[in-house]
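Heads up: the protein sequence lines correspond to chains A and B, in order. Counting from 1, position 83 in the first sequence corresponds to residue 132 in the working numbering; the numbering is continuous, with no gaps. Counting from 1, position 27 in the second sequence corresponds to residue 157 in the working numbering; the numbering is continuous, with no gaps. Everything on this sheet refers to the single structure shown next.
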Amino acid sequence: MLLLALAWRSLRNRALLSTLTGLSIALSVALLLGIEQVRVGVRESFAGTIKGTDLIVGARGGTTQVLLSTVFGMSSPTGSVSWATYERWAAHPAVQWAVPYALGDAHRGFRVIGTTTAFFERYRFRDRTVTFTAGRPPTTDAEVAIGADVAERLGYAVGSEVVLAHGLAAVSFAEHGAHPFRVSGVIAKTFTPIDRALYATLEGLTVMHEAEAASGGLMMGPPTAPTAGPAPITAFLVGTKHRFETLQLQREMNEDRTEPLTAIIPGVALAMLWQTIGGAEVGLRVVALLTLLIGILGMCVALYASLEARRREMAVLRAIGAGPRTIVALLVLESALLSVAGALAGTALVYGGLAVARDPVEVRFGLALQSHALTPVEWGILALVVGAGTLVGLVPAWRAYRASLADGLAPKL
Amino acid sequence: MTSTAAITLADVTFAYGAGRAVLDLPALEIARGERVFLHGPSGSGKTTLLGLIAGVLAPRTGQVTVLGEPLHTMTGAARDRFRAAHLGYVFQMFNLIPYLSVRENITLPCRLSAARRARAEDPTAAAARLAEALEIAPLLARPVTELSVGQQQRVAVARALIGAPELVVCDEPTSALDTDRRDRFLELLFAQVTAAGSTLLFVSHDLGLSARFDRTLALGALNRAAAHGDPDAAPTVVARGS
Ligand SMILES: Nc1ncnc2c1ncn2[C@@H]1O[C@H](COP(=O)(O)OP(=O)(O)OP(=O)(O)O)[C@@H](O)[C@H]1O
Ligand SMILES: [Mg+2]
């Protein structure tokens with residue numbers, strides 16, 4: 050208790066230096082925790098790109114390719130899935146719902162997806178459903194709903210006329226001019242690839258392709274249909290009746306011989322993808338750790354530098370009966386107090402900052418920053434700061450220990 | 131604590147680190163209740179001797195017995211506890227912890243030692259009493275940084291005497307004071323030492339003060355290592371030479 054009081058008073062006596070030292074530690078802690086928050090936020094946003102869908106099923110191909118083409122609108126689909134196969138699986142007893150998904154067309158660099166209205170009801174991202182800022186989902190074969198980025202970039206609104214192009218190239222020369230679409234709705238910003246896509250009905254795409262064929266259009270891509278029957282799709286999303294049936298259903302689909310399919314669990318596939326692209330976070334952490342190192346070294350220097358001026362104080366304490374170990378304890382306690390104060394202030398800074406920044410960040414970047422209790426990693430960071438700070442206090446303390454043993458009661462000034 | 135001697139040194143030698151001997155004292159004895167004036171040239175080892183008696187330093191050889199306790203057989207930590215419980219110490223200057231108030235400085239020994247606290251009974255009241263007697267009562271709540279040197283020295287005396295330690299050691303406590311304040315300081319110190327029944331060991335250059343003490347010791351005469359001392363050189367510089 051005495052030591053704590055002495056350490057506290059001594060720190061307060063050097064208020065400016067103590068504040069600056071504590072502040073530098075607080076800032077590095079805030080940086081570390083902030084980076085951790087953003088890292089977790091980014092990862093969760095990424096993992097939340099698609100939710101509520103138990104399986105994504107495409108033509109036989111790589112897991113990543115099915116995920117990239119279906120969810121992210123990147124790379125090309127693994128192939129086509131016949132309508133009959135889709136219907137067969139949609140009727141499977143374990144399946145609660147299935148949504149067809151046809152990729153293959155583009156509009157001025159944005160992807161066009163053919164699907165059903167069920168898509169807008171079933172699709173979830175970060176546990177939210179797709180909503181519209183204006184209009185509604187497409188219902189006729191001449192309607193298309195557009196993502197927020199599409200609307201913004203191309204200046205479209207409900208009622209705008211849209212001419213779709215065949216193929217996925219950014220600039221396609223084969224425009225389906227014979228069958229123009231009209232925008233039926235604008236989807237509210239999701240911060241997922243939905244923002245950069247257009248959604249038509251399956252019939253709409255079929256009619257468009259037929260009109261194109263009739264007018265002697267070129268280049269029939271893989272997903273186009275022979276004239277009769279519903280066109281093939283490129284993938285479909287599945288929700289199971291019971292979660293535990295997912296794995297079983299996935300195996301069944303992957304092993305089915307009628308039409309070779311690849312069924313992936315979105316959460317698993319997303320996590321795998323994150324592992325390969327999430328490496329940048331390590332770099333961020335290293336930088337933050339270096340900042341912390343500088344903060345702690347700064348504290349060590351500050352304490353060490355103040356020792357010279359405090360040799361008298363140490364001698365007085367010795368004369369009153371304090372042992373050299375008490376002196377060590379006093380100095381270590383001071384650095385521990387500074388570290389704890391820095392850690393607390395840094396944590397407060399981060400949580401205060403989060404409280405202010407959460408909504409703007411969500412609106413601007415679609416990054417859901419949680420205000421959860423401290424995670425084990427964050428506790429680890431705080432423990433590291435306090436531990437390292439306290440340990441570093443041993444350096445000046447050791448010097449004071451040696452000095453107080455050697456000086457006796459006649460410290461050199 | 132049945133012995134009548136407050137301090138007994140026998141065949142004590144001491145050196146800082148591996149350096150040459152600073153002290154070589156065949157014998158020194160101070161009785162309980164005695165007021166002893168110790169003088170000697172600068173660098174002759176006065177402060178060093180006080181360090182040995184206070185148990186801050188350990189002798190290289192010989193016996194240091196204080197209040198009947200053989201310090202030379204005790205561990206450093208035991209000597210620290212002993213000092214906290216039985217000894218009051220006053221430096222030449224800079225006696226006070228700068229970040230504590232006058233009152234907190236005076237009561238500090240009671241917070242370090244249960245024995246001192248027990249004897250002081252109520253440390254705050256004891257501090258007030260001592261401050262009253264030493265004419266620093268109005269300063270109790272002030273930060274020590276606002277005190278004059280003379281006031282600081284009286285605060286140091288109050289701290290040395292709180293909880294009535296058996297032995298009070300002063301290392302040139304008056305050398306920063308002018309003559310008038312020095313005399314007043316001595317009067318107050320004597321009164322309090324008498325009131326507490328303590329033994330007083332007082333180091334000073336100022337031989338003019340020696341008449342007021344029971345006994346005067348010249349360290350130069352007692353210390354066989356003193357012949358090597360250089361009274362005019364700065365002592366620390368001499369010591370640094372290997
Ligand atoms: N911490 C130390 N390390 C090494 N040598 C020291 C140390 N302290 C004192 N000495 C040396 O020991 C000798 C005695 O020093 P001490 O301080 O005891 O003298 P003193 O009699 O108190 O002098 P003064 O009257 O100037 O205070 C001197 O030669 C000094 O240089
Ligand atoms: Mg001296």
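The beta-carbon is built from N, C-alpha and C at its ideal position, and this holds for glycine as well.
Go through its chain and collect everything with a Cβ distance to residue i's Cβ below 8 Å, but skip five positions before and after it.
i, result
"Tyr353/A", "Val444, Pro445 and Arg448"
"Ser94/A", "Arg175, Phe240, Gly415, Leu416 and Ala417"
"Val435/A", "Ala385, Ser388, Val389 and Ala392"
"Ile282/A", "Ser129, Val130, Trp132, Tyr135, Pro149, Tyr150, Ala151, Gly163, Leu251 and Pro272"
"Thr113/A", "Ala318, Met321 and Leu322"
Going by DSSP in three states, residue i sits in which element: helix, strand or coil?
i, result
"Ile345/A", "helix"
"Pro268/B", "helix"
"Ser94/A", "helix"
"Phe285/A", "strand"
"Met268/A", "Residue confidence for Met268/A is low, a pLDDT of 46 falling below 50, so the modelled location carries little weight; the figure read from the coordinates is stated next. Coil at Met268/A, not helix or strand."
"Thr134/B", "coil"
"Pro156/B", "strand"
"Thr180/A", "coil"
"Thr273/A", "Residue confidence for Thr273/A is low, a pLDDT of 46 falling below 50, so the modelled location carries little weight and cannot support an answer."
"Glu362/A", "helix"
"Lys290/A", "coil"
"Arg173/A", "strand"
"Phe144/B", "strand"
"Ser221/A", "The pLDDT assigned to Ser221/A is 48, lower than 50, so where the model puts this residue is not dependable, and the model offers no usable value."
"Ser278/B", "coil"
"Gly175/B", "coil"
"Val212/A", "coil"
"Gly181/B", "helix"
Under DSSP, the beta strand (DSSP E) around residue i begins and ends at which residues?
i, result
"Tyr150/A", "Val144 to His156"
"Val120/A", "Val120/A -> no beta strand (DSSP E), and no H or E assigned at all."
"Leu104/A", "Leu104 to Ala108"
"Thr311/A", "Leu310 to Ile313"
"Thr309/B", "Run containing Thr309/B: none in the beta strand (DSSP E); it sits in the alpha helix (DSSP H), Thr309 to Ala326."
"Tyr248/A", "Ala246 to Thr250"
"Leu168/B", "Arg165 to His169"
"Gly163/A", "Phe159 to Thr164"
"Leu297/B", "Leu297 to Asp301"
Using a Cβ-Cβ cutoff of less than 7 Å, which residues in the same chain neighbour residue i once the five nearest sequence positions on both sides are dropped?
i, result
"Ala191/A", "Phe230, Arg231 and Gly253"
"Ala390/A", "Gly71"
"Leu51/A", "none"
"Leu84/B", "Because chain B spans 131 through 372 in this model, residue 84/B falls outside it and cannot be assessed."
"Trp146/A", "Ala167, Arg171 and Gly288"
Please go through the same chain and pick out, in chain order, the residues whose beta-carbon is closer than 6 Å to the beta-carbon of residue i, but skip the five residues on each side of it.
i, result
"Ala256/B", "Ala250 and Ile292"
"Ser340/B", "Phe167 and Thr346"
Specify, as a first and last residue, the run of the alpha helix (DSSP H) that residue i falls within.
i, result
"Tyr219/B", "Unbroken run through Tyr219/B is the beta strand (DSSP E), Leu217 to Val220; no alpha helix (DSSP H)."
"Ser453/A", "Leu443 to Asp456"
"Arg233/B", "Val232 to Leu242"
"Ile227/B", "Careful: Ile227/B lies outside any alpha helix (DSSP H) and carries neither H nor E."
"Leu337/B", "Counting along the chain, Leu337/B falls outside any alpha helix (DSSP H), and DSSP gives it neither H nor E."
"Ala194/A", "Where Ala194/A is concerned, there is no enclosing alpha helix (DSSP H), although the beta strand (DSSP E) it sits in stretches over Glu192 to Ile195."
"Phe414/A", "Pro373 to Phe414"
"Thr254/B", "Pro253 to Ala263"
Relative to the C-alpha of residue i, which candidate in the options has its C-alpha closest?
i, options, result
"Ile369/A", "Leu153/B, Asp210/B, Ser278/B and Thr178/B", "Asp210/B"
"Leu230/B", "Leu270/B, Glu199/B and Pro303/B", "Leu270/B"
"Ile84/A", "Ala437/A, Leu338/A, Leu458/A and Ala147/A", "Leu338/A"
"Ala155/A", "Leu104/A, Met257/A and Ala183/A", "Met257/A"
"Thr26/A", "Ala378/A, Arg292/A and Trp138/A", "As displayed, chain A neither begins before 50 nor continues past 462, which places residue 26/A out of reach and without an answer."
"Glu265/B", "Glu296/B, Phe343/B and Phe315/B", "Phe315/B"
"Leu380/A", "Gly442/A, Pro425/A, Arg359/A and Thr340/A", "Gly442/A"
"Leu226/B", "Arg311/B, Arg289/B and Glu317/B", "Arg289/B"
"Gln222/B", "Gln322/B, Val285/B and Thr134/B", "Val285/B"
"Arg386/B", "Leu117/A, Asp408/A, Leu55/A and Phe293/A", "With chain B covering 131 to 372 only, the question about residue 386/B has no answer from this structure."
"Ala422/A", "Val405/A, Ala406/A, Val399/A and Val207/A", "Val399/A"
"Arg137/A", "Glu308/A, Glu383/A and Glu330/A", "Glu308/A"
Any beta carbon from chain E within less than 8 Å of residue i's own beta carbon?
i, result
"Asp154/B", "The chain inventory of the structure shown lacks chain E, comprising the protein chains A and B."
What residues in the region 337-368 of chain A have a beta carbon less than 8 Å from any beta carbon of chain B?
-> Going along the region 337-368 of chain A in chain order, one finds Arg361, Glu362, Ala364, Val365, Leu366, Arg367 and Ala368 with a Cβ nearer than 8 Å to chain B.
Residues in the region 335-349 of chain B having any Cβ partner in chain A nearer than 9 Å | Under the 9 Å Cβ criterion, the region 335-349 of chain B contributes no residue.
Any residues in the region 366-396 of chain A with a beta carbon nearer than 9 Å to a beta carbon of chain B? Which ones, in chain order?
-> Residues passing the 9 Å Cβ filter: Leu366, Arg367, Ala368, Ile369, Gly370, Ala371, Gly372, Pro373, Arg374 and Thr375.
In the region 235-252 of chain B, which residues sit with their C-beta less than 7 Å from some C-beta in chain A, listed in chain order?
-> Residues Leu238, Pro239, Arg241, Leu242 and Ser243.
Members of the region 301-322 of chain B near chain A, C-beta cut-off 8 Å | For the region 301-322 of chain B, the beta-carbon criterion of a distance under 8 Å to any beta-carbon of chain A is satisfied by Asp301.
Check each residue of the region 169-193 of chain B: if its Cβ is closer than 8 Å to any Cβ of chain A, include it; give the result in chain order.
-> Those residues of the region 169-193 of chain B that come within reach of chain A (Cβ to Cβ, closer than 8 Å) are Thr177, Thr178, Leu180, Gly181, Ala184, Val186 and Leu187.
When you check each C-beta in the region 194-213 of chain B against every C-beta of chain A, which residues fall closer than 9 Å?
-> Those would be Gly206, Ala207, Arg209, Asp210, Arg211, Phe212 and Arg213, in chain order.
Quick one: which residues of the region 264-275 of chain B get their C-beta closer than 7 Å to a C-beta of chain A? List them in chain order.
-> So nothing in the stretch comes that close.
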